[in-house]
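Presented below is the structure to which this report refers.
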Amino acid sequence: MTKSESVTVAQARRITLAAQGFADPALGTVPGVRHARRVIRRLGQFQIDSVNVLARAHYLPLYSRLGPYPTELLTTVSTGRRRDLFEYWGHEAALIDVRLQPHLRWRMAGAADTAWGSLRRLAKEQPELVAWVLEEVGDKGPLTARAIQLDLPRGKTNWGWNWSIAKQALECLFWAGEVTASCRNSQFERVYDL
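Using this note's numbering, you'd call the opening residue of the sequence shown number 57 and step up by one each time.
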């Protein structure tokens, strides 16, 4: 018979916080790419949120583990030449460790069955539109939905959080992994690319 060990609630809390990187010693230097990569590998993803009370959500995991850091560091590891993060649907919209991308291909491949209802309907009912949007991104390079929808008729419901037909087509392609997010612009719009 094996002896079971137990931990106190306080010990369990400390173990959990340490596993998330909160017990690491202070750096004593300005954090750089190497430090950011260590956090990325430990956490796997940072949730993206457009709500900006203190700072956008994806900037906080690095801050809480590294201390004050130049915010362009996150831009470097997520949009630079050697990307460590890519944007996709994790728990929610997230910057995800690129090493995890192969593990999400099954989800991308199943987009026709698992994407949100409106995206599945669009792909099924208007495949020529989705193909045209993909071609536009390929021909014109990194584009926002707003840049593409200028070429399409605009419905009366396309305002606020209601997605235009171009945005729905792009999100359908994004879910399927056929386009990616190259970055977010200053209005926090996703910029799509191949």
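We put the CB at the ideal spot given by N, CA and C, even for glycine.
Residue i burial status per 10 Å Cβ neighbour count (16 or more: buried)
{"i": "S242", "result": "exposed"}
{"i": "L110", "result": "exposed"}
{"i": "A68", "result": "exposed"}
{"i": "R246", "result": "buried"}
{"i": "L199", "result": "buried"}
{"i": "R161", "result": "exposed"}
{"i": "A66", "result": "exposed"}
{"i": "E143", "result": "buried"}
Proximity below 9 Å, CB of residue i to CB of residue j
{"i": "L151", "j": "I104", "result": "yes"}
{"i": "F244", "j": "R139", "result": "no"}
{"i": "G123", "j": "V95", "result": "no"}
{"i": "L118", "j": "A79", "result": "no"}
{"i": "D249", "j": "A237", "result": "yes"}
{"i": "Y115", "j": "L130", "result": "yes"}
{"i": "A167", "j": "L175", "result": "yes"}
{"i": "A187", "j": "K196", "result": "no"}
{"i": "D153", "j": "Q224", "result": "no"}
{"i": "V193", "j": "L141", "result": "no"}
{"i": "W172", "j": "A201", "result": "no"}
{"i": "R155", "j": "R97", "result": "yes"}
Option in the options with minimal Cα separation from residue i
{"i": "G88", "options": "V247, T127 and G146", "result": "T127"}
{"i": "V107", "options": "R70, A149 and E192", "result": "A149"}
{"i": "S120", "options": "L229, E191, W219 and L83", "result": "L83"}
{"i": "V86", "options": "Q101, Y125, A75 and T58", "result": "Y125"}
Per DSSP, the bridge partner or partners of residue i
{"i": "E143", "result": "L151"}
{"i": "D249", "result": "T236"}
{"i": "Q101", "result": "I152"}
{"i": "L83", "result": "DSSP lists no partner for L83."}
{"i": "L199", "result": "Y248"}
Rounded Cβ spacing between residue i and residue j (contact assumed at less than 8 Å)
{"i": "L190", "j": "E227", "result": "Not quite, the Cβ-Cβ distance comes to about 12 Å (not below 8 Å), so this is no contact."}
{"i": "T170", "j": "R163", "result": "7 Å"}
{"i": "A179", "j": "Q205", "result": "In fact, because the Cβ distance is near 17 Å, the residues do not count as touching under 8 Å."}
{"i": "C239", "j": "T135", "result": "4 Å"}
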